[in-house]
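I have placed the structure first, in the form of structure tokens, so that the comments after it can refer back to it.
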Amino acid sequence: MPSPVRPSPDNGDLAPKQRVQDEIRRDIILGTLPAGTRITETALAKKYGISRVPVREALHALEAEGFVESKPFAGSTVCAIPVDDADDLFAVREALESATARRAAEQAAAQFASGAPDERWWRIRKELAKILDDGDVAVQRDELHRLPELNMRFHLGIAELSGSASLAGLLRQIANKIEWLYASDVGSRGKQAWAEHRAIMAAIDAGHSGDAEGAMGRHVHKSREGYMRRFSGK
Numbered sequence: 005m006p007s008p009v010r011p012s013p014d015n016g017d018l019a020p021k022q023r024v025q026d027e028i029r030r031d032i033i034l035g036t037l038p039a040g041t042r043i044t045e046t047a048l049a050k051k052y053g054i055s056r057v058p059v060r061e062a063l064h065a066l067e068a069e070g071f072v073e074s075k076p077f078a079g080s081t082v083c084a085i086p087v088d089d090a091d092d093l094f095a096v097r098e099a100l101e102s103a104t105a106r107r108a109a110e111q112a113a114a115q116f117a118s119g120a121p122d123e124r125w126w127r128i129r130k131e132l133a134k135i136l137d138d139g140d141v142a143v144q145r146d147e148l149h150r151l152p153e154l155n156m157r158f159h160l161g162i163a164e165l166s167g168s169a170s171l172a173g174l175l176r177q178i179a180n181k182i183e184w185l186y187a188s189d190v191g192s193r194g195k196q197a198w199a200e201h202r203a204i205m206a207a208i209d210a211g212h213s214g215d216a217e218g219a220m221g222r223h224v225h226k227s228r229e230g231y232m233r234r235f236s237g238k
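Just so we're aligned: 186 in this note's numbering is position 182 of the sequence shown, and the numbers increase by one with no gaps anywhere.
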């Protein structure tokens, strides 16, 4: 099962199409390419220093992911997340991540009961500690632009810590959209949401599966309510 740490978009080992796809997606998530922006293969090729062919392939992939809309003879436009789709994503995430937190707490209890946590589990737990510390520093420095990626790495890390390949795989499928939602609302809830991660992690470390499940469910539900109030007026 892969590490919760995702490859950086500028990783030179990635194929050109994958690299530019990651970079365009990153610029959309962080708002460098806002919703409604018209983008062309020529402009993107120049921006990312690459030929038009991998850009074209990347745009096709991003269209399938729901980040870009392309029309014949009209080029491509950056999408926005429809509010109804956002609500559905939050609903799926609330159920899914409550389960990952519960399973992660059960795994923690088993690991500590054994007296010698296995190497893979301990590596993921140490990485989560670093992610939490990095996020705390970003909050203290008011570097909120760093939080969306750190937030997603934290939640993916909890899924990996759960030991469930199915739960982790499901979360990875919607991870980019979750990060996009978080980034769009980071100015209003980013600091508060980040602070809630410590309580989730504490419940997991204590092996309290019910508390971990509840803390994660409340965490995602608060984000859902805040997002819907802000973007739907509800």
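Glycine residues also receive a C-beta, built at the ideal position from the N, C-alpha and C atoms.
Open item on the list: From the DSSP secondary-structure annotation, give me the bridge partner or partners of LYS75.
Closed with: GLY79
- [ ] Taking only runs that begin and end inside the region 104 to 168, name each unbroken alpha helix (DSSP H) of 4 or more residues, in chain order.
- [x] 123 to 144, 151 to 165
- [ ] Just the C-alpha distance for LYS75 and ASP215, rounded to the nearest angstrom, thanks.
- [x] 48 Å
TODO: State yes or no: is the C-beta of ALA179 within less than 7 Å of the C-beta of ILE33?
DONE: no
Open item on the list: Would LEU148 and GLY194 be called neighbours here (beta carbons separated by less than 7 Å)?
Closed with: yes
Open item on the list: Check this for me: beta carbons of ARG42 and GLY70, under 7 Å apart or not?
Closed with: no
Task: Anticipated Cβ contact below 8 Å, GLY173 with ARG107, distance rounded - done: At roughly 13 Å, the Cβ-Cβ gap does not stay under 8 Å, so GLY173 and ARG107 are not in contact.
Task: Segment contact flag, the region 92 to 102 with the region 47 to 60, C-beta cutoff 8 Å, min 3 pairs - done: no
Task: Residue range of the alpha helix (DSSP H) that includes PRO58 - done: 56 to 69
Task: Within 7 Å, strictly: CB atoms of ALA163 and LEU175 - done: yes
- [ ] Identify every residue that forms a DSSP beta bridge with ARG42.
- [x] THR81
Open item on the list: Quick test of the definition: if touching needs 3 or more C-beta pairs under 8 Å, does the region 211 to 226 touch the region 106 to 120?
Closed with: yes
Task: Alpha-carbon to alpha-carbon, TYR231 and CYS83 - done: 18 Å
Open item on the list: Only counting the same chain, and skipping five residues up and downstream in sequence, which positions put a Cβ closer than 8 Å to that of ILE204?
Closed with: ALA105, ILE162, ALA216, ALA219, MET220, HIS223
Task: Contacts around VAL190, its chain only, beta-carbon distance under 8 Å, and the 5 residues preceding and following it disregarded - done: LEU148, HIS149, LEU151, PRO152
Task: ALA262: first and last residue of the uninterrupted alpha helix (DSSP H) it sits in - done: The question about residue 262 has no answer here: the residues shown for the chain are numbered 5 through 238.
Open item on the list: On a Cα-Cα basis, can you pick out the residue from THR46, GLN144, ARG145, GLU183 that is closest to PHE158?
Closed with: GLU183
TODO: Compute the Euclidean distance between the alpha carbons of ARG234 and ASP89, then round it to the nearest angstrom.
DONE: 15 Å
Open item on the list: I need the DSSP call for ALA99, collapsed to helix, strand or coil.
Closed with: helix
Task: Where the alpha helix (DSSP H) through PRO20 begins and ends - done: 20 to 33
- [ ] Look at the Cβ atom of LEU165, then the Cβ atom of ALA103, and state whether they are nearer than 7 Å.
- [x] no
Task: Whole-angstrom distance between LEU160 and PHE77, CA atom to CA atom - done: 39 Å
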